[in-house]
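Asks: Have a look at this one before I ask anything.
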Amino acid sequence: MGDHFHKSGEFMLSIRYGHMSMKGNRLNGIAISDEDVKALPNPLSAIPPKLSIVPQKMTMTMAMIGGMYAPSDSVTLMLMSMFMSKDMDLNTYQPMMSRALIGSFSTSSSDISNVSLGALFKIYESHSNRWHGEITVDKSVGGIDKPDKVLTPMNMHIEMILPYGMQIGDKATRITGAITNVRHINNNWLVGGQAKAKHVIEHEAWYFGNTIEINSWVQHQLKRTLSVSARINFKYEDKISGRHSMITGPVQTANPENYGGKQIDVTLGVNVLAQIFSGEEDRIGLELVFPIEQDKYNLQMDSDYELILGYQKSF
Numbered sequence: 004m005g006d007h008f009h010k011s012g013e014f015m016l017s018i019r020y021g022h023m024s025m026k027g028n029r030l031n032g033i034a035i036s037d038e039d040v041k042a043l044p045n046p047l048s049a050i051p052p053k054l055s056i057v058p059q060k061m062t063m064t065m066a067m068i069g070g071m072y073a074p075s076d077s078v079t080l081m082l083m084s085m086f087m088s089k090d091m092d093l094n095t096y097q098p099m100m101s102r103a104l105i106g107s108f109s110t111s112s113s114d115i116s117n118v119s120l121g122a123l124f125k126i127y128e129s130h131s132n133r134w135h136g137e138i139t140v141d142k143s144v145g146g147i148d149k150p151d152k153v154l155t156p157m158n159m160h161i162e163m164i165l166p167y168g169m170q171i172g173d174k175a176t177r178i179t180g181a182i183t184n185v186r187h188i189n190n191n192w193l194v195g196g197q198a199k200a201k202h203v204i205e206h207e208a209w210y211f212g213n214t215i216e217i218n219s220w221v222q223h224q225l226k227r228t229l230s231v232s233a234r235i236n237f238k239y240e241d242k243i244s245g246r247h248s249m250i251t252g253p254v255q256t257a258n259p260e261n262y263g264g265k266q267i268d269v270t271l272g273v274n275v276l277a278q279i280f281s282g283e284e285d286r287i288g289l290e291l292v293f294p295i296e297q298d299k300y301n302l303q304m305d306s307d308y309e310l311i312l313g314y315q316k317s318f
C-alpha cells in the first residue's frame, strides 16, 4: 500500500498472496436472484433476447513480489510484479420457452498481470508525525484476449474469448499518485490515512476504469513482536472504456457497462515479527477484508471476502 519508506541504504523484499471470492449477483447495488437476471435483456444481441448465462461464483488469486530500496532518507524506490489467476463458475439456461437450466461450466485464466516502478518521497517528518507522497508507473502486461470453452444456450461447448472480468490485463499504462500520513498517538497506538488515484495514460481498444481509493487505519501494538489493526477502505472505479469486438454473449460480464462503481470494505489484520531467516526479523501479516457497502454499476457479481497474507524481509 506504500504506507512506509526506508532509511538510506535499506532494502526490503516483500511477497504477498491474495485470495478474493465473489458469489451471487447485484443489480445497482441490490442483491438479485438468477431468475431475475434471466429476465433482463441482452444488450449485445437480439439472439437470445434475454441474458442466458449467469455467473455463480468467482475466485481470484494474486501473488505479488516486490522490492524497496532507499538511496537516501528522503526517497524509497519500489519495483513490483504480480501474477494473477481467475476462475468462474456459471450456469447456462435455455434461451426461450421454459428457460430451464441446461448445465454448468467453469472458465479460468492466468498470467503475469502487471509490472510497476515507483518512488516514495518524504514530505514532512517529526517524532510522531510523517507525511510522504508516491508516484508510480504501472504497466499491464497480462493477456487481453484469453479464450476458454463455454456452454452456450444452444447446449454447445464452444471456445470463445473470455469476458473482460476474466481477462488478466488490459495492456494499459497507468500513473498512480498518492499521499500518506502516519501519526503515532503514543508508543502503542498509531493512526494512518492515505488517498490514492490511478489514471490511465496509454491504452488499447478497451481498458479498465480509473480508480480513487481512500484508506484509514488504526494499529495497536500488543507487544514488540505483535500488533493488530483495523482499516476502512473506500474505492471508486470508472466503467470500462471502449470494447473488444470479439467479447460477446448473453452474459453480464461481456457488457462494458457492468463494471465499476463504489465499494467500502472493512479490514481486520495482525502483524507478527519472527526470526525465520538470519538478519533482520521477518514480518508476517494477515488481513481479512469484508465489504460493508457495494454500490456497483448495473449488474455485477457480489463481493464476498478477501484474504491477504504478506511477508517482508529487510536488509
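Sequential numbering of the sequence shown, starting at 4, is according to the numbering used here. Note that the Cβ used here is the ideal one computed from N, Cα and C, for glycine as well.
Go ahead and pull the three-state DSSP assignment for D173.
Replies: In this structure, D173 counts as coil in the three-state DSSP scheme.
Asks: How about P166 and A257: are their beta carbons less than 8 Å apart?
Replies: In this structure, A257 lies closer than 8 Å to P166 by Cβ.
Asks: Quick check: Y308 and D285, are their CB atoms within less than 8 Å of each other?
Replies: No, the Cβ-Cβ distance between Y308 and D285 is not below 8 Å.
Asks: Assuming N292 is part of the beta strand (DSSP E), what are its boundary residues?
Replies: As written in the sequence, residue 292 is Val, which differs from the Asn given in the question. Its beta strand (DSSP E) spans residues D285 to K299.
Asks: Does DSSP put T228 in a helix, a strand or coil?
Replies: It is coil, neither helix nor strand.
Asks: Suppose only complete runs of 3+ residues qualify. What are the beta strand (DSSP E) ranges in the region 186-261, listed by chain order?
Replies: With a minimum length of 3 residues, the continuous beta strand (DSSP E) runs that stay inside the region 186-261 are 192-205, 214-226 and 229-240.
Asks: Would you say N117 and G145 are within 8 Å of each other, going by their C-beta atoms?
Replies: Contact flag set, yes.
Asks: Whole angstroms are fine: how far does the CA of D141 sit from the CA of L47?
Replies: Approximately 31 Å between the Cα atoms of the pair.
Asks: Tell me whether A175 is buried or exposed, calling it buried when 16 or more other Cβ atoms sit within 10 Å of its Cβ.
Replies: Classification for A175: buried.
Asks: Starting from K26 and walking both ways along the beta strand (DSSP E), at which residues does that stretch end?
Replies: Where K26 is concerned, the enclosing beta strand (DSSP E) stretches over F14 to L30.
Asks: Do you know offhand how far P44's Cα is from L302's?
Replies: Cα to Cα, P44 sits roughly 12 Å from L302.
Asks: I want to know whether the region 68-87 touches the region 12-20 - three or more CB-CB distances under 8 Å.
Replies: Output reads yes: the region 12-20 touches the region 68-87.
Asks: I need the DSSP call for G168, collapsed to helix, strand or coil.
Replies: If DSSP states are grouped into helix, strand and coil, G168 belongs with the helices.
Asks: For D92 versus S111, is the C-beta distance shorter than 8 Å?
Replies: Taking 8 Å as the Cβ cut-off, D92 and S111 do not qualify as a contacting pair.
Asks: By the three-class DSSP mapping on this structure, what secondary structure does K41 have?
Replies: Reduced to three states, the DSSP call for K41 is helix.
Asks: For L310, write down the residues that DSSP places opposite it in a beta bridge.
Replies: Bridge partners of L310: H22 and L291.
Asks: Is there contact here, the region 181-199 with the region 243-262, by at least three beta-carbon pairs under 8 Å?
Replies: These segments do not touch.
Asks: Could you check whether E207 and I164 sit closer than 8 Å to each other, using their CB atoms as the reference points?
Replies: Contact: no.
Asks: Suppose you measure from the CA of A200 to the CA of R133; what does that come to, to the nearest Å?
Replies: Approximately 20 Å, taken between the alpha carbons.
Asks: Counting C-beta neighbours from all protein chains within 10 Å, is the total for W192 16 or more, i.e. buried, or is it exposed?
Replies: Result: exposed.
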